[in-house]
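What follows is a single structure, written as structure tokens, with notes after it.
There are 2 protein chains.
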Amino acid sequence: MPRDASPPAPPAPPLAPARSGRATGRVTLADVARAAGVSPITVSRALRRERSVAPELVARVEAAVRQLGYVPDPAARALASARSDHVAVLVPLLSNNLFVDLLEAVHQVLWPAGFQTLIGVTHYDPAEEEQLLQAYLAHRPAGLLVTGFDRSEAARRLIASSGVPCVHLMEITSAPAVHCVGFSQAEAGHAITQHLLARGRRRIAFVAAQLDPRVMQRAEGYRRALRAAGLYDPARELLNPQRSSMALGGALFAELLRRQPDTDAVFFCNDDLAQGGLLAALRLGVAVPAQVAVAGFNDLNGSDQMLPPLTTVRTPRSRIGAEAARMLLTLVRGEPVRAASLDLGYELVTREST
Amino acid sequence: MPRDASPPAPPAPPLAPARSGRATGRVTLADVARAAGVSPITVSRALRRERSVAPELVARVEAAVRQLGYVPDPAARALASARSDHVAVLVPLLSNNLFVDLLEAVHQVLWPAGFQTLIGVTHYDPAEEEQLLQAYLAHRPAGLLVTGFDRSEAARRLIASSGVPCVHLMEITSAPAVHCVGFSQAEAGHAITQHLLARGRRRIAFVAAQLDPRVMQRAEGYRRALRAAGLYDPARELLNPQRSSMALGGALFAELLRRQPDTDAVFFCNDDLAQGGLLAALRLGVAVPAQVAVAGFNDLNGSDQMLPPLTTVRTPRSRIGAEAARMLLTLVRGEPVRAASLDLGYELVTREST
DNA sequence: CTGAAAGCGCTTACAG
DNA sequence: CTGAAAGCGCTTACAG
Numbered sequence: 001m002p003r004d005a006s007p008p009a010p011p012a013p014p015l016a017p018a019r020s021g022r023a024t025g026r027v028t029l030a031d032v033a034r035a036a037g038v039s040p041i042t043v044s045r046a047l048r049r050e051r052s053v054a055p056e057l058v059a060r061v062e063a064a065v066r067q068l069g070y071v072p073d074p075a076a077r078a079l080a081s082a083r084s085d086h087v088a089v090l091v092p093l094l095s096n097n098l099f100v101d102l103l104e105a106v107h108q109v110l111w112p113a114g115f116q117t118l119i120g121v122t123h124y125d126p127a128e129e130e131q132l133l134q135a136y137l138a139h140r141p142a143g144l145l146v147t148g149f150d151r152s153e154a155a156r157r158l159i160a161s162s163g164v165p166c167v168h169l170m171e172i173t174s175a176p177a178v179h180c181v182g183f184s185q186a187e188a189g190h191a192i193t194q195h196l197l198a199r200g201r202r203r204i205a206f207v208a209a210q211l212d213p214r215v216m217q218r219a220e221g222y223r224r225a226l227r228a229a230g231l232y233d234p235a236r237e238l239l240n241p242q243r244s245s246m247a248l249g250g251a252l253f254a255e256l257l258r259r260q261p262d263t264d265a266v267f268f269c270n271d272d273l274a275q276g277g278l279l280a281a282l283r284l285g286v287a288v289p290a291q292v293a294v295a296g297f298n299d300l301n302g303s304d305q306m307l308p309p310l311t312t313v314r315t316p317r318s319r320i321g322a323e324a325a326r327m328l329l330t331l332v333r334g335e336p337v338r339a340a341s342l343d344l345g346y347e348l349v350t351r352e353s354t
Numbered sequence: 001m002p003r004d005a006s007p008p009a010p011p012a013p014p015l016a017p018a019r020s021g022r023a024t025g026r027v028t029l030a031d032v033a034r035a036a037g038v039s040p041i042t043v044s045r046a047l048r049r050e051r052s053v054a055p056e057l058v059a060r061v062e063a064a065v066r067q068l069g070y071v072p073d074p075a076a077r078a079l080a081s082a083r084s085d086h087v088a089v090l091v092p093l094l095s096n097n098l099f100v101d102l103l104e105a106v107h108q109v110l111w112p113a114g115f116q117t118l119i120g121v122t123h124y125d126p127a128e129e130e131q132l133l134q135a136y137l138a139h140r141p142a143g144l145l146v147t148g149f150d151r152s153e154a155a156r157r158l159i160a161s162s163g164v165p166c167v168h169l170m171e172i173t174s175a176p177a178v179h180c181v182g183f184s185q186a187e188a189g190h191a192i193t194q195h196l197l198a199r200g201r202r203r204i205a206f207v208a209a210q211l212d213p214r215v216m217q218r219a220e221g222y223r224r225a226l227r228a229a230g231l232y233d234p235a236r237e238l239l240n241p242q243r244s245s246m247a248l249g250g251a252l253f254a255e256l257l258r259r260q261p262d263t264d265a266v267f268f269c270n271d272d273l274a275q276g277g278l279l280a281a282l283r284l285g286v287a288v289p290a291q292v293a294v295a296g297f298n299d300l301n302g303s304d305q306m307l308p309p310l311t312t313v314r315t316p317r318s319r320i321g322a323e324a325a326r327m328l329l330t331l332v333r334g335e336p337v338r339a340a341s342l343d344l345g346y347e348l349v350t351r352e353s354t
């Protein structure tokens, strides 16, 4: 694999200039058939391993493919077969590493299986999701991966009427015939709040941004745990609709301590907020965990590097991506799935901040 | 836009069941033509605004499109016209926020112009880049956006022989007929090293990971500045090929101070490393900037939240993405570009860590 | 300004 | 196991 860091040479003219008429000059299946001395349909079958083709013919076809450098035209294939090798994946954001890990895992499963991952970013906007869905569905993808269950009625209808197999990521439901891979966000939120209670904390705040459905499910888990302990106080919830960031986490932490100076623990709905909170504590001279315990969610990059290292919930996004991709592959092949809903759980990671 | 957080109903059968033969049941251009009482080609032209079509016919076509819910088939369009509405963008990684910002800006320009952004991740691997290029080019994208100039000879040939307009991101060159939008990584590396020198630092280390071409260009800028000052010492370079992360930054910072205890400044090639270094300094009790000044590169999320806030180089990746997308659009339309190479510069952001 | 014909490069459905 | 014909849903190239 020769590498070269110098700038490229100026673009050369296309190798095979367009020939007469509409011919594009590219090597077609017909060219391969001619070279191999078989019919085009035999080439098609040999390439797709669809029906048994005589081994010797397969060999001749493969030799011709190699010799001519034939690359199938996906557009022609899609048009003729009414399906494509695309799988569309819709995620809310790329700026949260959570989704990057998810996409990476999806790609690692789909690419070797011969599918191309098309990434769509919805920005948590139902209208954008609808537009993306419309655009991607027009390409007749082989499958669809979407984040969560929260979408417009129109988006739901688009998915359902397309007939394209769809797996939902990150959340789970027991509704029949809905395919999903994830974990219970509410349970995870409950678990980390329980952890804070077990540490003896009594005035536990919940600080959140973005306020997407999964964040609100974590909030539910938090509320349930505190209510059960007789310690729930709505005044200790700080909910901000802005996009999550370290800077916002720092600002919200400071605001929280101004409003509720007796706070003895904070559950941030996402690690970036928590990291910002930890840094703000350092700046403000608030002792963590002595004065205030701090917990996050997701175990993002750097949380183990904080001062003190951050207690958080490790979410299995890589496994979610991989398992969802596998489930989708099963559906695409028309095979039965073991279970439509796959709960991959979560893991409490206890570090020094609590 | 009605929203609903409950799980979706089980998938319904496709609205229009497949009819006889191979008909897919979808609404076609011919259906629209029939409904509008014109020929298919007129519908095609009205939809693409290609040639002047009588305004009244356009109106009838548009009404029919709306009424029937017609969505053009991209595969058929691509096959017939030998081009698509796709623009492929190849970036090394999604886990560096730099590239997320780049992609976001690209999408914001391309989507309103009617193009779909296909994201490809190369993982800094020339072989992967080649495979992606081959796969994406087979789709006859309207344009191509690639990161930097470093790629295999085969990849270069694929791009050149495809005839697809291509703009290079992040780096610049004065080579003729090569389209690029970026800035001089070497100059930026030189500038931040100069800044450290101007602050009176004399034993300035360079700590880097990943070691991709752009990192090595920053290293060149660092070397040039120190050589000019008569202070260059190869022993003060710590180059690690692993992927960049906060954890690695912390480990390298500690290693550096073990090997070169008299270090009075560190230039980290990327902010995530620098953030990890800053946190490690806190843990180790190394005073920043009193004992060691710390500088980063890129001004990533959270750098302004560090303790102390991180001095860094702000790179204009959003503008790079937007301008590159605009340049590509110009090329796709066959119009002349003002200049093939666009230098967007960089900005030194001086904070308390130096 | 509008249209009838042909064709893009594959695969399906039907035969043998 | 192999193939000739037709067709997927558009746009191009040629006419008028």
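Residue numbers (full-length UniProt numbering), protein chains in the order written: chain A, 1 to 354; chain B, 1 to 354. Cβ coordinates follow ideal geometry from the N, Cα and C atoms, glycine included.
- 9 Å or more divides the Cβ of B/Arg-317 from the Cβ of B/Asn-301.
- DSSP, read as helix, strand or coil, puts B/Glu-220 in helix.
- Here A/Pro-112 is exposed. Its C-beta has fewer than 16 other C-beta atoms within 10 Å.
- DSSP places B/Arg-156 inside the alpha helix (DSSP H), whose first and last residues are 153-162.
- Secondary structure note for A/Asp-343: its beta strand (DSSP E) is the uninterrupted segment 341-343.
- Under the 10 Å beta carbon count, A/Gln-242 is surrounded by fewer than 16 other beta carbons and is classified as exposed.
- The three-state reading of DSSP puts A/Ala-274 in helix, counting H, G and I together.
- When Cβ-Cβ separations below 9 Å define contact, A/Gln-67 makes no contact with chain B.
- Relative to the Cα of A/Ala-64, the nearest Cα in the group A/Pro-74, A/Met-246, A/Leu-47 belongs to A/Leu-47.
- Among the bridge pairs identified by DSSP, A/Asn-298 is matched with A/Arg-314.
- Between B/Cys-269 and B/Val-207 the beta-carbon gap is near 7 Å, inside 8 Å, which marks them as a contact.
- In terms of CA proximity to B/Ile-159, B/Val-89 leads the group B/Glu-171, B/Val-349, B/Val-89.
- Within its own chain, the residues whose Cβ lies closer than 6 Å to the Cβ of B/Asp-262, once the five positions on either side in sequence are excluded, are Arg-203, listed in chain order.
- For A/Leu-90, DSSP records a beta bridge to A/Gly-120, A/Val-146.
- 9 Å or more divides the Cβ of A/Leu-310 from the Cβ of A/Ala-287.
- Interface annotation for the stretch 232-254 of chain A against chain B: Ser-245, Met-246, Ala-247, Gly-249, Gly-250, criterion Cβ-Cβ distance under 9 Å.
- Against A/Ala-290, chain B offers no close residue; the least beta-carbon distance is about 17 Å (beta-carbon pairs closer than 7 Å).
- Under the DSSP definition of a beta bridge, A/Glu-237 partners with A/Phe-206.
- Every alpha helix (DSSP H) of 4 residues or more that sits fully in the UniProt domain "HTH lacI-type" (27-81) of chain A is shown, in chain order, as 29-36, 40-48, 55-68, 74-81.
- Excluding the 5 residues flanking it on each side, B/Gly-345 has same chain C-beta neighbours closer than 8 Å at Phe-183, Pro-316, in chain order.
- Taken atom to atom, the span from the alpha-carbon of B/Val-109 to that of B/Pro-72 is near 22 Å.
- With a cut-off of 8 Å on Cβ pairs, the stretch 246-254 of chain A is not in contact with the stretch 211-227 of chain A, counting fewer than three such pairs.
- Counting C-beta pairs with one atom in each stretch, the stretch 169-176 of chain B and the stretch 190-201 of chain B have fewer than three that are closer than 8 Å, which means they do not touch.
- Here B/Gln-67 is exposed: its Cβ has fewer than 16 other Cβ atoms, across all protein chains shown, within 10 Å.
- Apart from the 5 residues on each side of it in sequence, A/Thr-350 sits with its Cβ closer than 6 Å to the Cβ of Thr-311 in its chain, given in chain order.
- Residue-level contact check: B/Glu-220 does not touch chain A, since none of the beta carbons of chain A fall below 9 Å from its beta carbon.
- With contacts defined as CB atoms closer than 9 Å, B/Leu-169 and B/Leu-102 qualify as a contacting pair.
- Secondary structure note for A/Gly-182: its beta strand (DSSP E) is the uninterrupted segment 180-182.
- Only Cys-180 from the stretch 180-201 of chain B bring a Cβ to less than 9 Å from some Cβ of chain A.
- Taking C-beta separations shorter than 6 Å and ignoring five residues to either side along the sequence, the partners of B/Leu-133 in its chain run Ala-155, Leu-158, following chain order.
- Beta bridge pairing from DSSP links B/Phe-268 with B/Val-207.
- Setting aside the 5 residues that flank it on each side, B/Gln-260 is surrounded in the same chain by Arg-203, Ala-205, Ala-235, Arg-236, each with a C-beta closer than 8 Å to its C-beta; the list follows chain order.
- Spatial neighbours of B/Val-292 in its own chain (CB-CB distance under 8 Å, excluding positions within 5 residues in sequence) are listed in chain order as Leu-257, Thr-263, Asp-264, Ala-265, Val-266, Ala-281, Val-286.
- Taking 9 Å as the cut-off, the Cβ atoms of B/Leu-329 and B/Phe-99 do not count as close.
- B/Leu-169 is bridged by DSSP to B/Thr-147, B/Val-181.
- Per DSSP, reduced to three states, the secondary structure at A/Val-337 is coil, with no helix or strand assignment.
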